[in-house]
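Quick note on the numbering used here: the sequence shown kicks off at 355 and runs consecutively.
Where a beta carbon is used, it is the ideal one built from N, C-alpha and C, also for glycine.
Report on one structure; see the data block that follows.
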Amino acid sequence: MDIALFLHALTGLFVIIDPIGAALIFNSLTSGSDQRYRNSMAIKSVIISGITLILFGNYGETLFYHLGININS
355 MDIALFLHAL TGLFVIIDPI GAALIFNSLT SGSDQRYRNS MAIKSVIISG
405 ITLILFGNYG ETLFYHLGIN INS
């Protein structure tokens, strides 16, 4: 794989996910909760977002084709 392409994709993914903003939102939503609950919510959110990313990465183009949405939209 071309390293420039990989870094370009990684930069785009970093900007889309916005980990700094997501951490602030997570902190505000789970403030006042015990550590065990916060850990379980963090693990669940990573698993759900990872599965969503993998599914759309593999089947997103097909889904958009069936919905009649092209890349230029």
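Here DSSP, grouped into helix, strand and coil, assigns ILE425 to coil. The continuous alpha helix (DSSP H) containing GLY375 extends over residues 373-384. The three-state secondary structure of SER387, taken from DSSP, is coil.
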